[in-house]
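First the structure, in the form of structure tokens, and then the observations on it.
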Amino acid sequence: MTSDETPDKPQVRRLFATPVIEAMLPDAPARNAALLDAIRARQAASPGIVRSNVNGWHSDSQMLSWGGPAAKAVALDTLRLCGRYTTDVGMRNNQPRYEMSIEMWANVSPPGASNQNHAHAGALWSAVYYVDDGGDPEGGALTLLDPRFPMSRMYAPDLQFVDDDGAREENIVKIRPVPGKVVMFPAWLMHGVQPHHGARERVSIAMNIMAIPARPPT
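Per this note's numbering, residue 332 is the first one in the sequence shown, and the count goes up by one each step.
Pasting the structure below:
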């Protein structure tokens, strides 16, 4: 092989990946109708709070207590996903050292509303479940930011790594809202929500999953 030749069939290994899980949950039409009723009732009774939301309504984080059976079903499905993609490497004798706790809240975003980039301190996983895309499936995207950014672009901003197929590594990934879909990602991952321009309000449910010490067996 001469100095200007490249090795035959080089292998690209994707190391230290950030897990982002997407899943369609069952019974979405019936669940979403019930969730909309519960969220509308809560919105009518509460002014909401301000966190990362810009021009949107953000409920309290006690939705499990007022969201009804549909909210509990979404939470349980999300916890099952969390269990599937989390392991305790220090567990002994098949006795879990941690159990998962979940909190959830609703976001109602009129056209033009958004969520600033943020992360969720104190949680292991964060998740969002889509109830209504607001009538604009191309808008209101969840944006996930490369945790290495801006370091990955500081040396040579116009140079990016590519995969075997030539696809570029992006610093921002967008996930479009789909009613019935849940998206789960590490709570430390910076994320935000872009504005939508649909005819309806965009409705979603956000969740934080915390690992707490397991109760001793009885």
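No residue lacks a Cβ here, since even glycine has one placed at the ideal position from N, Cα and C. Computed from a predicted structure; not experimentally measured.
Where does Q374 sit, in a helix, a strand or coil, going by DSSP?
To locate residue 374, count along the sequence shown from 1; it is residue 43. Three-state result, Q374: helix.
Could you give the distance in angstroms between the alpha-carbon of R555 and the alpha-carbon of C413?
Examination of residue 555 is not possible in this model, given that the chain is present from 332 through 549 alone.
Determine which residues share a DSSP beta bridge with S440 and list them.
As a working mapping, residue 440 is identified with position 109 in the sequence shown. In DSSP, S440 forms a bridge with R533.
Helix, strand or coil, according to DSSP, for T418 in the structure here?
Working through the sequence shown from its first residue, we reach residue 418 at position 87. T418: coil per DSSP, three-state reduction.
Go ahead and label F516 buried or exposed: buried means 16 or more other beta carbons lie within 10 angstroms of its beta carbon, across all protein chains shown.
Taking the sequence shown and counting its residues from 1, one reaches residue 516 at position 185. F516 is buried by the Cβ-count criterion.
Is the beta carbon of L475 sitting closer than 8 Å to the one on V439?
As a working note, residue 475 is residue 144 in the sequence shown. As a working note, residue 439 is residue 108 in the sequence shown. No, Cβ-Cβ distance for L475 and V439 is not below 8 Å.
For A406, which residues of its own chain have a beta-carbon under 8 Å away from its beta-carbon, when the five flanking residues on both sides are left out?
Counting from one through the sequence shown, the residue named residue 406 turns up at place 75. Only L395, I433, M435 and M538 meet the Cβ criterion.
Taking the Cβ atom as the reference point for each residue, do Y416 and I536 lie within a distance shorter than 8 Å?
Translated into positions along the sequence shown, residue 416 becomes position 85. Translated into positions along the sequence shown, residue 536 becomes position 205. No. Outside cutoff.
Between the CA atoms of T409 and S483 - distance to the nearest angstrom
Taking the sequence shown and counting its residues from 1, the one referred to as residue 483 is at position 152. Taking the sequence shown and counting its residues from 1, the one referred to as residue 409 is at position 78. Rounded to the nearest angstrom, the two C-alpha atoms are 32 Å apart.
Contact with chain C by P544, beta-carbon distance below 8 Å:
The displayed structure is made up of one protein chain only, and chain C is not part of it.
Quick check on the DSSP output: the beta strand (DSSP E) that includes L473 runs from which residue to which?
Working through the sequence shown from its first residue, we reach residue 473 at position 142. Segment L473 to L476, the beta strand (DSSP E) holding L473.
Please name the residue, chosen from A444, D339, P360 and L346, that lies closest to V509 on a Cα-to-Cα basis.
Walking along the sequence shown from the start, residue 509 turns up at place 178. The option with the nearest alpha carbon to V509 is P360.
From the DSSP output, in three-state form, read off G399 for me.
Working through the sequence shown from its first residue, we reach residue 399 at position 68. G399 falls in the helix class under three-state DSSP.
Do the CB positions of V514 and Q447 come within less than 8 Å of each other?
The residue given as residue 514 occupies position 183 in the sequence shown. The residue given as residue 447 occupies position 116 in the sequence shown. Not in contact: V514 and Q447 (Cβ atoms no closer than 8 Å).
Leaving out five residues on either side along the sequence, give the residues of the same chain with a beta carbon under 7 Å from the beta carbon of A542.
Numbered from 1 along the sequence shown, position 211 holds the residue referred to as residue 542. Cβ within range, chain order: Y429, M431 and L455.
Between G466, N502 and P481, which has its C-alpha nearest R531's C-alpha?
Position 200 of the sequence shown, counted from the start, is the residue given in the question as residue 531. R531 has its Cα closest to that of G466, out of G466, N502 and P481.
Given H528 as reference, the closest of A498, W519 and S445 once Cα atoms are compared:
Working through the sequence shown from its first residue, we reach residue 528 at position 197. Nearest C-alpha to H528: S445.
Kindly identify the DSSP beta-bridge partner or partners of E500.
Stepping through the sequence shown from its first residue, residue 500 is reached at position 169. None, per the DSSP bridge assignment.
Beta-carbon proximity of G453 to Q525, cut-off 8 Å:
One-based indexing of the sequence shown puts residue 453 at position 122. One-based indexing of the sequence shown puts residue 525 at position 194. Not in contact: G453 and Q525 (Cβ atoms no closer than 8 Å).
Can you have a look at R533 and say buried or exposed, based on whether 16 or more other CB atoms are within 10 angstroms of its CB?
By one-based count along the sequence shown, residue 533 stands at place 202. Its Cβ being crowded by 16 or more others within 10 Å, R533 is buried.
Please name the residue, chosen from W519, D368 and L367, that lies closest to D477 on a Cα-to-Cα basis.
Looking up residue 477 in the sequence shown gives position 146. It is W519.
Can you pull the DSSP bridge partners for P544?
For this step, residue 544 is matched to residue 213 along the sequence shown. The partner list for P544 (beta bridge, DSSP) reads Y429.
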